[in-house]
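Right, one structure below, let's go through it.
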Amino acid sequence: MAHRHRMRVCAGLTAALLAVSGGHAFAAPNDEMTRDIETAVLGVDAYWEAHWSDFFTETYVPPTVLGEYDGASPNVPTCDGEPLDDDNAVYCSTAEDYVAWDTDLMRFGYAYGDAFVYLVVAHEWGHAIQNRLHAELQTIDGELQADCLAGAELEGAAQDGTVVFESGDVDEVHTALVRDADKTPWTKEGDHGSASERVEAFTLGQELGVEGCLPDEASAEGAAALGR
Ligand SMILES: [Zn+2]
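Numbering-wise, the sequence shown is residues -27 to -1, 1 to 201 according to mature numbering (1 follows the signal peptide of the UniProt record, and there is no 0).
Have a look at this one:
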């Protein structure tokens, strides 16, 4: 698709969910899911608001939260003039600077496990964080860095008490990442990381925090990274 560099669509996530859902339609909007998404957004924003200055200079500015959209609608929102993908999630890195997720994507994933919506929100927010960093702090593989930042944020938010992990949540996230990478050509191409690389990136973020997601630490872990 055009403008991929401006619109990070995370196709792997969608395929994982479609595989899990078995194509079943879902009924009424899930209020519980909406609350979880709101909690995820508040948690990730609170985490970066509280901890940005632990790692970076300047001031934290959150992305705009466009939130849920209906990718099947004729009135689908656009990024850089291009309509957002159906059943997908996105960080729009133009001056529009927003994160958004298709409601169906979230519903499919939520049926699979509530942790999934936290992963999607944290991952897309991670792309927004990347976009605020100097180039030398971005790793070559933006998807793995976003997975790593998602792990760092969710673990950090859990430690701060703004997000509560339940038993099984981390397994859900790990399984989602594995299925994500397994089910899509996009993740099999090598540039975007294998299943084990994605799980490793998420776990690295959980264990080492944000600094573990930056190139120096990433190099220490053997991942390809730009020099600082
Ligand atoms: Zn992504």
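The beta carbon of each residue, even a glycine, is placed where N, CA and C say it ideally should be. Since we're looking at a predicted model, the values are computed, not measured.
From the DSSP secondary-structure annotation, give me the bridge partner or partners of A62.
W74
I need the straight-line Cα distance from A73 to Q132, nearest angstrom please.
26 Å
Bridge partner(s) assigned by DSSP for Y42
D75
In whole angstroms, what separates the C-alpha of L181 from that of L127?
12 Å
Check whether the stretch 15 to 29 and the stretch 94 to 111 touch, using three or more Cβ-Cβ pairs below 8 Å as the test.
Put simply, the stretch 15 to 29 touches the stretch 94 to 111. At least three CB pairs are less than 8 Å apart.
Considering only DSSP beta bridges, list what C52 is partnered with.
Paired residue(s): E55.
Would you say A125 touches ligand 1, meaning its beta carbon is less than 7 Å from a heavy atom?
no
Host alpha helix (DSSP H) of T112 (start-end)
Here T112 belongs to no alpha helix (DSSP H), and DSSP marks it neither H nor E.
Beta carbon of A125 nearer than 8 Å to that of C186:
yes
Return helix, strand or coil for T37, following the three-state DSSP convention.
strand
Using a threshold of 7 Å, is the CB atom of H107 nearer than that to any non-hydrogen atom of ligand 1?
no
Ends of the alpha helix (DSSP H) at E184?
It is not in any alpha helix (DSSP H) - E184 carries neither H nor E in the DSSP assignment.
Close-in-space but distant-in-sequence residues of the same chain around H24 (CB under 8 Å, 5 per side omitted)
G129, V183
Whole-angstrom C-beta distance between C121 and L177, which should lie under 8 Å:
5 Å
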